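>
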Amino acid sequence: MESRAQILPGTLDLLILKAVSLGPLHGYGVLLRIGQISNGALVIEQGALYPALFRLVRKGWLKATWGVSENNQRAKFYELTAAGRKRLREEIEDWDRLVDAIAVVLKTRPEQL
Amino acid sequence: MQIVDKARLRLRSLFRRPNVDCELETELRFHLDQLIEEKISSGMPPEEARRAAQRTIGGTAQYQEECRDMRRVNFVEDLVQDVRYTIRSLAKGPGFTAVVIATLALGIGANIAIFTIVHGVLLRPLDYPKPDQLMYLTAEAPAAGGARSALSAPEYIEFRQMNRSFAEVGAYSTGGAAYTTGEVNLTARDRPLRVRSISVDAHLLKALGIRPEQGRFFTDEETARWTGTLPPPIAILSHELWRTAFGGRPLVGQKVEVEGRPHEIVGIMPPGTDVMDHHTQVWLPLWLHPNMARQREAHVLYVIARLKNGVTAKAAQTELSTFLENWGDRVGTRDHVPTKRAMRSVDHTLQLRSLQDAIVGNASRPIWVLQAAVGFVLLIVCANLANLVMARAGSRRREFVLRTALGASRGRLLRQSLTEGAVMSGAGGILGLWLASAGVRALIRAYPTSIPRTSELTIDLPVLLVALGLSTGTALLFGFVSLGRRRTSSMMTALKEGARAASGAWRHYARRGLVIAQVAFAVMLVIGAGLLVQTVYNLTRIDAGFDRSRLVTFSMTLPMANSEADTRARAYQRVLDRLRSVPGVLEAAAMSGLPPNRTPDAIATPIENYTSDDGKHVAIIDYYQFVMGDYFETMGIPIVAGRGFERTDNASQGKVVIVNETLAKRIWKGQNPIGHRLRPPGGSFGASDDVWHTVIGVAKDVRQRGVERPAGTELYVSLDQHGVSPPSMNVVMRTTLAPAALSRTIERVVREVDAAVPVVRLRDMDSVFAESIRRPKLLAQLLGAFAGLALLLAAIGTYGVLSYMVTERRREIGIQVALGATRSRVLTQIMKQGLQVTAIGVTIGLAGALAVNRLIASLLFGVQPTDTVTIAFVIATITAVAVVASWLPAWRASRLDPNVVLRDE
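Line by line, the protein sequences give chains A and B. Going letter by letter, the first sequence gives residues 217 to 329 in the numbering used here. Going letter by letter, the second sequence gives residues 2 to 906 in the numbering used here.
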């Protein structure tokens, strides 16, 4: 439990978009994939996932279609739209900028001032 | 594409909400199943796995709600919710709701009703093609009082030839030249009718630019160039008469009896066609007797002209005034021609005005006055509602604050209060519209001829738009007044204080200001109404010159076409004789023109030893009154000098006449008129030649054309002396019976004399009087009603503010009483507050009234706009109303039990 990182506010959309960009997924698959890629470091709460998915669909970044899961159950699959791809790029750039900036700040030593 | 998708989703959310929710549930169930499967595959027993999975995922309902919120359909959903909530909350306070909606309905209804009249009468163009090209030409004699009159036939023909501005100039007559009194007898399917007629020439119909619905119009050969001794026997029927009297069956080419002569119906007019608001039912060809066509003194033709395309009314006016400079030189005579500067009483000038102005005439000012009055009423209504809403917002403060605390956004609350406003003003508007349409209908029924163009009055699109605007305006007012209140409210204080609102000083002043404004407007309206009521009172008390009590009158016409002057005289004589023998009838007489509202004759009369301003021995006498029987006794007109007609006059050779005071004064200027001689044209009453008549007496002036107008010159000729009669006569009886009780007898008597002649306008003289003052009466009644409404609203406003103040200051008053203030002191203290507000309002209102009352000065009779009696009466009334309105809350305050009040706190 302690090894799990807190998801920063505002990064949930980024993570979902990234996860879906790797291939269409159902909601449960999104959770699995993020957990799997981050080696279990990032865990999304179910309570946040579905409203977020819904919001992303409404914004036109994700497209939802009904399909059949690996175990032959009806499930809703999400995939990235063109707008979603563009959004993902922007979010990644923003994230990189933020990380760089924070890294610079954190590495600053007194003599550099 | 995206937008379309989104819209689809939204629509789906709205209409197939269960479906969308169901999808979400399926998705979440799938999630749960996956979780369970995973746990089972990692070795958990199925039951435990299920429980564990459910624990992780939590309650699904919560997600569903969250997603639903996000969908935000919501404008519509919120609106539905708002409306529902509004209706629920309004139903909870039925008193408040009823007061608001009723007030709004009255305010909006009155405005729509009056605006319907403003729009239909004043603003809407006339129903002819290119109506702004139509002009109306009248003669005016400024030196003789400036009354508008018709043109003489030579003037009309000269103007037709001289002008270059008009495409067409036409003439009509409703009397005088038309050989009718604007009415004719018409037999429709064996039923004798009296219908309104107009005689027009071919040019007039061309000038108006109308086309017949069926058949044809008159030709020039049938009007101007007609050489017969009577007008050609042809007629055009109005669409309405054709439908009602002939059931709309094919009629063109067939004969219908008009004035006892078969007339061929050549055409049917389109629906609603009329000239000068005459309510025309039958159109006859205008034909002038050769004598009249030459006579310059006989002003008998009304002229309507259509401007050429591109010519302005101003250019036509300029052209007319150049004609007036030297009309005499242009036509080669100096004899009674129009002139630019009418100095002498015999001179006249010509005036052009737009046809619309001519039709609306002097009705426009009263209508605007009414519009202003209802505008004031609406302002008072709004002030009252603002007050009510403020009070209610105060008591609902806690509710709003609570909702804010629970997460309602400010926008959402504003929308809620706007919705409330919209629901109430919507209801008020619809109710008002209904009131207005019922009101306008009732008005037209009660006063069919007091307002011009009534046949065109409908609630049409512009009126509906105004109604919508008024409702929207009041709805916005509502919403923002409630909002303005809340802007200043701090959540914490409101919650702490509970329903009892903190009384911000500004709000206190705002509410008082509103009451002051209401009182001020009410004062202005009540003063206006008071002045008009007094005007009507003065008009009813005018001495018209005769005794109108117990007088019953009716009118009948023996058409000229199938009767001779002497047979007519005998027929009328028979009618009078038989009426005199009816029990209850004391006296009976007949006259040609019924005072106090008859058309002028303006007949040029040679007078012996008299020279007019322009050197002629002829005077134009305004009214000829041809009488039969003991006229002066029957009518109760006093003879002020000389004597009345006597039976012995009939046998004697010398013909005698009686003049009125005004004629005696104007012609003989203070000398004794008795013994002087005049020569009335015999043609005017059916005699074959003109003979000299000797003046034997002077009768007291009788008002002829409106009770409020000073009398003109009048000459009384006894028909009994000549044994002849004009076609139309008015019979008058002094009787103890009511017109209704007499109607059967009168109809039988007339039928025995001539079965084809209808009895028309059978009524008592009081109704004749009432009719002659009905327009001021209508104005006074409407203004009185609006003033009463204003007064009531101002009283409610005063009452509302004071009761609210008492509620707010309960604690303070309680302490005062506890500390020994007497009840009477509390009472006077509160009442003083109410009366103070009233006093300020009255002062402002008086100033306003003095500023605008000169606008209604022209509508008043016998009372000044600054009439002190009226003003004193109004102040007394308003003060009395204010005392009543303040007393109730003050009394309640004085009854407060300090124990109860202080424990409540």
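Glycine is no exception: its CB is placed at the ideal position from the N, C-alpha and C atoms. Values in this document were obtained by computation on a predicted structure and should not be read as measured data.
Is there a Cβ from chain B that is less than 8 Å from the Cβ of TYR244 of chain A?
Within the first sequence, the letter at position 28 stands for residue 244 of chain A. With 8 Å as the cut-off, TYR244 of chain A counts as an interface residue toward chain B.
> Taking 8 Å as the CB-CB limit, is GLU28 of chain B close to chain A?
Locating residue 28 of chain B in the second sequence gives position 27, where the first residue counts as 1. Answer yes: the Cβ-Cβ gap between GLU28 of chain B and chain A drops below 8 Å somewhere.
> Does DSSP put ALA605 of chain B in a helix, in a strand, or in coil?
Taking the second sequence and counting its residues from 1, the one referred to as residue 605 of chain B is at position 604. Of the three classes helix, strand and coil, the one that applies to ALA605 of chain B here is strand, per DSSP.
> Whole angstroms are fine: how far does the CA of GLY687 of chain B sit from the CA of PRO728 of chain B?
Here the question's residue 728 of chain B lines up with position 727 in the second sequence. Here the question's residue 687 of chain B lines up with position 686 in the second sequence. Using only the alpha carbons, I get a separation of about 9 Å.
> Is it buried or exposed, SER773 of chain B, if we count other Cβ atoms within 10 angstroms and call 16 or more buried?
On the second sequence, residue 773 of chain B is found 772 positions in, with the first residue counted as 1. It counts as buried.
> Is the Cβ of ARG301 of chain A closer than 8 Å to any Cβ of chain B?
As a working mapping, residue 301 of chain A is identified with position 85 in the first sequence. No - not a single Cβ of chain B is within 8 Å of the one on ARG301 of chain A.
> What residue range is occupied by the uninterrupted beta strand (DSSP E) comprising GLN352 of chain B?
Counting from one through the second sequence, the residue named residue 352 of chain B turns up at place 351. Residues 350 to 355.
> What residue range does the alpha helix (DSSP H) around ASP765 of chain B cover?
What you label residue 765 of chain B is simply residue 764 of the second sequence in a count that begins at 1. No alpha helix (DSSP H) contains ASP765 of chain B, which is instead part of the beta strand (DSSP E) from 761 to 765.
> Quick one: any contact between the segment 454 to 461 of chain B and the segment 118 to 135 of chain B, if contact means 3 or more CB pairs under 8 Å?
The segment 454 to 461 of chain B, when compared against the segment 118 to 135 of chain B, does touch it at the 8 Å Cβ threshold.
> Within its chain, find whatever has a CB closer than 8 Å to the CB of VAL273 of chain A; leave out the 5 residues flanking it on each side and keep chain order.
What you label residue 273 of chain A is simply residue 57 of the first sequence in a count that begins at 1. Result list for VAL273 of chain A: LYS279, ALA280, TYR294, in chain order.
> Residues of the segment 286 to 310 of chain A with a CB closer than 8 Å to any CB of chain B: list them in chain order, please.
Result list: ASN287, GLN289, ARG290, ALA291, LYS292, ALA299.
> Across the segment 556 to 567 of chain B and the segment 597 to 609 of chain B, are there enough close Cβ pairs to call them in contact, namely three or more that are closer than 8 Å?
No, they do not touch.
> Taking the Cβ atom as the reference point for each residue, do ALA572 of chain B and MET629 of chain B lie within a distance shorter than 8 Å?
Here residue 572 of chain B is taken as the residue at index 571 of the second sequence, counted from 1. Here residue 629 of chain B is taken as the residue at index 628 of the second sequence, counted from 1. Against a cut-off of 8 Å, the Cβ pair of MET629 of chain B and ALA572 of chain B comes out as no contact.
> Alpha carbon to alpha carbon, what distance is there between PRO449 of chain B and ALA364 of chain B?
Numbered from 1 along the second sequence, position 363 holds the residue referred to as residue 364 of chain B. Numbered from 1 along the second sequence, position 448 holds the residue referred to as residue 449 of chain B. Straight-line Cα distance between these residues: approximately 14 Å.
> Within 10 angstroms of its Cβ, does VAL524 of chain B collect 16 or more other Cβ (buried), or is it exposed?
By one-based count along the second sequence, residue 524 of chain B stands at place 523. Under this definition VAL524 of chain B is a buried residue.
> Distance, Cα to Cα, SER490 of chain B vs VAL402 of chain B?
Translated into positions along the second sequence, residue 490 of chain B becomes position 489. Translated into positions along the second sequence, residue 402 of chain B becomes position 401. Residue placement at SER490 of chain B cannot be trusted, given a pLDDT of 48 that sits under 50; what the coordinates show is reported in the next sentence. Between SER490 of chain B and VAL402 of chain B, the C-alpha separation is close to 9 Å.
> Give me the subset of the segment 237 to 261 of chain A whose CB atoms are less than 9 Å from a CB atom of chain B, sorted by chain position.
Listed by position along the chain: HIS242, GLY243, TYR244, GLY245, LEU247, LEU248, GLU261.
> Quick one: does ASP34 of chain B have its CB under 8 Å from some CB of chain D?
Of the chains in the structure shown, none is chain D; the protein chains are A and B.
> With distances taken from CA atoms, which of B:ASP548, B:VAL708, B:ILE622 is nearest TYR632 of chain B?
In the second sequence, residue 632 of chain B corresponds to position 631, counting from 1. Comparing Cα-Cα distances from TYR632 of chain B to each of B:ASP548, B:VAL708, B:ILE622, the minimum goes to B:ASP548.
> Quick one: grab the DSSP three-state call for ALA502 of chain B.
Working through the second sequence from its first residue, we reach residue 502 of chain B at position 501. At ALA502 of chain B the pLDDT is 46, less than 50, meaning the model places this residue with poor confidence; the figure from the coordinates comes in the next sentence. If DSSP states are grouped into helix, strand and coil, ALA502 of chain B belongs with coil.
> Under a Cβ-count criterion, where at least 16 other Cβ atoms within 10 Å of its own Cβ denotes burial, should ASN731 of chain B be classed as buried or exposed?
Numbered from its first residue, the second sequence carries residue 731 of chain B at position 730. Buried, since its Cβ has 16 or more Cβ neighbours within 10 Å.
> Have a look at ARG826 of chain B and ASP765 of chain B and give me their C-alpha separation to the nearest angstrom.
On the second sequence, residue 826 of chain B is found 825 positions in, with the first residue counted as 1. On the second sequence, residue 765 of chain B is found 764 positions in, with the first residue counted as 1. Each residue's Cα considered, the two are about 60 Å apart.
> Of the residues B:ASP690, B:GLY329, B:LEU784, B:ASN598, which one's Cα is nearest the Cα of VAL370 of chain B?
Counting from one through the second sequence, the residue named residue 370 of chain B turns up at place 369. Taking only the C-alpha atoms, the option nearest VAL370 of chain B is B:LEU784.
> Can you find a C-beta in chain A that's less than 8 Å from the C-beta of THR808 of chain B?
For the purposes of this step, residue 808 of chain B is taken as residue 807 along the second sequence, with counting starting at 1. Cβ-Cβ to chain A under 8 Å: no for THR808 of chain B.
> Output yes or no for whether 8 Å exceeds the beta carbon distance between ALA236 of chain B and ILE266 of chain B.
Working through the second sequence from its first residue, we reach residue 236 of chain B at position 235. Working through the second sequence from its first residue, we reach residue 266 of chain B at position 265. Against a cut-off of 8 Å, the Cβ pair of ILE266 of chain B and ALA236 of chain B comes out as a contact.
> According to DSSP, is SER490 of chain B helix, strand or coil?
Position 489 of the second sequence, counted from the first residue, corresponds to residue 490 of chain B. Reliability fails at SER490 of chain B, whose pLDDT of 48 lies under 50, so the model's placement of it is uncertain and the value that follows must be treated cautiously. In this structure, SER490 of chain B counts as coil in the three-state DSSP scheme.
> Of all the beta strand (DSSP E) runs that stay within the bounds of the segment 391 to 476 of chain B, which reach a length of 3 or more residues?
Qualifying beta strand (DSSP E) stretches: none in this window.
> According to DSSP, is ARG303 of chain A part of a helix, a strand, or is it coil?
For the purposes of this step, residue 303 of chain A is identified with residue 87 of the first sequence, where counting begins at 1. The answer is helix: DSSP assigns ARG303 of chain A an H, G or I state.
> Could you tell me the alpha carbon to alpha carbon distance between PRO584 of chain B and ARG735 of chain B, rounded to whole angstroms?
Counting from 1 along the second sequence, the entry for residue 584 of chain B is found at position 583. Counting from 1 along the second sequence, the entry for residue 735 of chain B is found at position 734. Each residue's alpha carbon lies about 12 Å from the other.
> Determine whether the Cβ of PHE31 of chain B lies closer than 8 Å to any Cβ atom of chain A.
Mapped onto the second sequence, residue 31 of chain B falls at position 30. Judged by the 8 Å Cβ criterion, PHE31 of chain B is in contact with chain A.
> Can we say the segment 743 to 762 of chain B touches the segment 684 to 699 of chain B, given the rule of at least three CB pairs closer than 8 Å?
Judged by Cβ distances under 8 Å, the segment 743 to 762 of chain B makes no contact with the segment 684 to 699 of chain B, as fewer than three pairs qualify.
> Might you give, ordered along the chain, the residues of its own chain that have their beta carbon closer than 6 Å to the beta carbon of LEU532 of chain B, omitting 5 neighbours on each side?
For the purposes of this step, residue 532 of chain B is identified with residue 531 of the second sequence, where counting begins at 1. These residues qualify, in order along the chain: LEU861, VAL864, THR871.
> I'd like to confirm the pairing. Which residues does DSSP put opposite GLN626 of chain B in its beta bridges?
Stepping through the second sequence from its first residue, residue 626 of chain B is reached at position 625. Answer by DSSP bridge pairing, in chain order: B:TYR717.
> From the DSSP output, in three-state form, read off ILE621 of chain B for me.
To locate residue 621 of chain B, count along the second sequence from 1; it is residue 620. Here ILE621 of chain B sits in strand by DSSP.
> Determine the chain A residues that contact THR57 of chain B at a beta-carbon separation under 8 Å, and present them in chain order.
Position 56 of the second sequence, counted from the start, is the residue given in the question as residue 57 of chain B. Those within 8 Å of THR57 of chain B in chain A are GLN262.
> With a threshold of 8 Å on Cβ separation, who are the neighbours of ARG912 of chain B within its own chain once the five nearest residues in sequence on each side are excluded?
Residue 912 of chain B cannot be examined here, being either before or after the span of chain B that is shown, 2 to 906.
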